[in-house]
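Asks: Questions regarding the structure given below will be posed in turn.
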Ligand SMILES: Nc1ncnc2c1ncn2[C@@H]1O[C@H](COP(=O)(O)OP(=O)(O)O)[C@@H](O)[C@H]1O
Ligand SMILES: [Mg+2]
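Chains as they are written, first to last, in this note's numbering: chain A, 1 to 220; chain B, 221 to 478.
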């Protein structure tokens, strides 16, 4: 194959690469933040709050990402929600990931020993301080592997955004492949890129995990 | 001398679903004295202790701390506000069987946390006071350790320091030495004895009959959710009248002789 093709399309690929990283990062951070809010609200909310959130979780989990994205991007304007491809894509990713993140946090919170919470209540700590200072930090440790795992799944969902013309790496590769008939080389390179990307994330995840569990290891 | 609280428990009943866990409990806990709660496992000792700071809600009756009802606005009435409950709890220390130290914080941070979030002290001052509290339980050289790097006895002493640093007027202990290796029990009991000598009101659920005999001012015996008897340790432990107490003590002595 002709390497100069990659050189010619380099700038496009590079900007696609940047956008893919950005979409993944924001999708993960915003989705996790929304999921965290949902999990806390589920824990402390009343019956109706819990019911609404549970329904939200089931609906989002029960529908394909592409359908959600089309609803948002093509259906949105019909009710006055007009978004550019990138904001629509980011919002879509955030919504799509939030129920999975919420479930991760919910089960992590459940794994926090009740005694740790009661120790806070017994000295009169406000519930919000208990969430912030005890439930979250202790829960995060047990949630971390699942969080990393789901963020890895999200890397691969970002390619869906190309369908609503977000010019991320999939979109740019497609463009190059169509223009130059480099279907094999282009998509192979894309596949390799994602593999490497995922490998980096999982390594960083493991390192982070070792770091935050260091003080939990009992002395010998 | 600390300012010590009294506790008045009147006709307290507690249910877990259909199960009647505490039956019409009446118990007076005088200020500055040590009260031990003993009885077979499952008799309701923890439940009763946890009603005193309303970690467990009682269904009827009254628990009065210095004459002030805890948990409800009026007997059998509405729940008291969270803020008022928090305020009452902030003067009641509790020590758990499983220590319940926060694993992500050092010993010093564990002790400082309540001072910061409840008493509103600045970090530096809270850490300073935490250091003093840890010094009093003999752990000034372990302040920077996380709980996982401490022995059980050290962890329980940190937990006591965490409670004591809040300047409580009443301390509740739920089997504070039951999770400890035998050789570590003494160091925790010594800290508790020092607290008692300082005039703290203490309610202690324990299986340490030696502690009950020598440190308690009164011993209450529970069986199947009933308060069977309350008396001075010498009387209730040496010449119990109730056959349930006799049989409990017999089992205890048999187990400990072998
Ligand atoms: N949260 C709970 N739900 C249901 N039953 C409980 C609960 N806590 C305690 N019990 C029951 O109440 C009884 C008294 O328990 P507890 O107060 O822990 O006894 P003790 O501390 O004397 O061993 C036991 O039979 C126990 O099984
Ligand atoms: Mg118990």
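Backbone N, C-alpha and C fix where the C-beta goes; we use that ideal spot for every residue, glycine too.
Ligand 1 and residue 236(B): does the residue's C-beta get closer than 7 angstroms to at least one heavy atom of that ligand?
Replies: yes
Asks: Residue 399(B) to residue 127(A), Cα distance in whole Å?
Replies: In this model, residue 399(B) and residue 127(A) are separated by some 28 angstroms (Cα to Cα).
Asks: Measuring straight from C-alpha to C-alpha, what distance separates residue 15(A) and residue 123(A)?
Replies: Across the structure, residue 15(A) and residue 123(A) are spaced so that their CA atoms are roughly 54 angstroms apart.
Asks: Taking DSSP's pairing of strands, which residues face residue 229(B) in a bridge?
Replies: 247(B) and 283(B)
Asks: For the beta strand (DSSP E) that contains residue 440(B), what are its first and last residues?
Replies: 438-443
Asks: Report yes if the CB atom of residue 41(A) is closer than 8 angstroms to the CB atom of residue 147(A), and no otherwise.
Replies: no
Asks: Only counting the same chain, and skipping five residues up and downstream in sequence, which positions put a Cβ closer than 7 angstroms to that of residue 229(B)?
Replies: The residues are 245, 246, 247 and 283.
Asks: Drop a sphere of 10 angstroms on the beta-carbon of residue 471(B), count the other beta-carbons inside from all chains shown, and report buried for 16 or more, exposed for fewer.
Replies: Exposed, by the Cβ-count rule.
Asks: Which class does residue 364(B) belong to by DSSP, given the choice of helix, strand or coil?
Replies: coil
Asks: DSSP puts residue 299(B) in a beta bridge; with which residues?
Replies: 292(B)
Asks: Three or more beta-carbon pairs under 8 angstroms between the region 162-177 of chain A and the region 75-86 of chain A, yes or no?
Replies: yes
Asks: Where does residue 64(A) land, buried or exposed, given buried means 16+ other C-beta within 10 angstroms?
Replies: exposed
Asks: Could you say if the region 246-265 of chain B and the region 192-204 of chain A meet the contact criterion of at least three C-beta pairs nearer than 8 angstroms?
Replies: no
Asks: Can you give the beta carbon distance from residue 264(B) to residue 418(B), rounded, assuming they're within the 8 angstroms contact cut?
Replies: Not quite, the Cβ-Cβ distance comes to about 29 angstroms (not below 8 angstroms), so this is no contact.
Asks: Classify residue 211(A): buried if its beta carbon has 16 or more other beta carbons within 10 angstroms, exposed otherwise.
Replies: exposed
Asks: In the structure shown, what three-state DSSP assignment does residue 103(A) receive?
Replies: helix
Asks: In angstroms with no decimal places, state the Cα-to-Cα distance between residue 323(B) and residue 435(B).
Replies: 32 angstroms
Asks: Please identify, using Cβ separations under 7 angstroms, the residues of the region 283-307 of chain B that lie next to chain A, in order along the chain.
Replies: 306 and 307
Asks: Does the distance from the C-beta atom of residue 314(B) to that of residue 414(B) stay below 8 angstroms?
Replies: no
Asks: Determine the chain B residues that contact residue 83(A) at a beta-carbon separation under 9 angstroms, and present them in chain order.
Replies: Residues of chain B passing the Cβ test: none, with the nearest at roughly 40 angstroms.
Asks: Return yes when the C-beta of residue 401(B) is under 7 angstroms from any heavy atom of ligand 2, and no when it is not.
Replies: Every heavy atom of ligand 2 is 7 angstroms or more from the Cβ of residue 401(B), so no.
Asks: If you pair each beta-carbon of the region 90-99 of chain A with each one of the region 297-310 of chain B, do three or more pairs fall below 8 angstroms?
Replies: Segments in contact, no.
Asks: For residue 273(B), count the other beta carbons within 10 Å of its own beta carbon; 16 or more makes it buried, fewer makes it exposed. Which is it?
Replies: buried
Asks: Ignoring anything shorter than 4 residues or poking outside the region 316-376 of chain B, list the alpha helix (DSSP H) runs there in chain order.
Replies: 327-337 and 343-356
Asks: Using 8 angstroms as the Cβ pair cut-off and three pairs as the minimum, do the region 320-337 of chain B and the region 361-380 of chain B touch?
Replies: Enough Cβ pairs lie closer than 8 angstroms, so yes.
Asks: Please classify residue 449(B): does DSSP put it in a helix, a strand, or coil?
Replies: strand
Asks: So which residues on chain B does residue 115(A) lean against when the C-beta distance must stay under 7 angstroms?
Replies: 316, 318 and 320
Asks: At a cut-off of 7 angstroms, is residue 395(B) close to ligand 2 when judged by its beta-carbon and the heavy atoms of the ligand?
Replies: yes
Asks: Are the C-beta of residue 111(A) and some C-beta of chain B separated by less than 8 angstroms?
Replies: So, not an interface residue.
Asks: Pull up the distance between the alpha-carbon of residue 225(B) and that of residue 345(B), whole angstroms please.
Replies: 26 angstroms
Asks: By Cβ distance below 8 angstroms, which residues in the same chain neighbour residue 53(A) in space, the five residues on each side in sequence not counted?
Replies: 38, 41, 42, 45 and 102
Asks: For residue 334(B) and residue 117(A), what's the separation of their Cα atoms in angstroms?
Replies: For residue 334(B) and residue 117(A), the distance between alpha carbons rounds to 13 angstroms.
Asks: Compare the C-alpha of residue 425(B) against each of 280(B), 362(B), 461(B) and 259(B) and name the closest.
Replies: 259(B)
Asks: Using a Cβ cut-off of 7 angstroms, pull out every chain B residue sitting near residue 137(A), in sequence order please.
Replies: 324
Asks: Does the region 170-183 of chain A come within contact of the region 5-25 of chain A, defined as at least 3 CB pairs closer than 8 angstroms?
Replies: yes
Asks: Quick one: which chain A residues come within Cβ less than 7 angstroms of residue 273(B)?
Replies: 122
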